[in-house]
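Numbering (our numbering), first residue to last: 2 to 51.
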């Protein structure tokens, strides 16, 4: 079984936010994450050298 990685902000992952403040049109229907997902925020997931 492969892991599911959630790259949204920690507040989106926890369900505290359903969209980023400057992008209300890109919000989720409900807050939180899929139970088996792990949180690795985008800034940590990317390799700046690439």
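All residues carry an ideal CB built from backbone N, CA and C; glycine is no exception.
Where the alpha helix (DSSP H) through residue i begins and ends
| i | result |
| --- | --- |
| residue 15 | 11-15 |
| residue 38 | Here residue 38 belongs to no alpha helix (DSSP H), and DSSP marks it neither H nor E. |
| residue 50 | Neither: residue 50 is in no alpha helix (DSSP H) and is coded neither H nor E. |
Integer Cβ distance of residue i from residue j, believed to fall under 8 Å
| i | j | result |
| --- | --- | --- |
| residue 4 | residue 39 | 6 Å |
| residue 28 | residue 34 | Not confirmed; about 14 Å, so no contact. |
Candidates the options: closest to residue i by CA position
| i | options | result |
| --- | --- | --- |
| residue 6 | 30, 42, 50 | 42 |
| residue 12 | 26, 32, 49 | 32 |
| residue 2 | 44, 49, 45, 37 | 37 |
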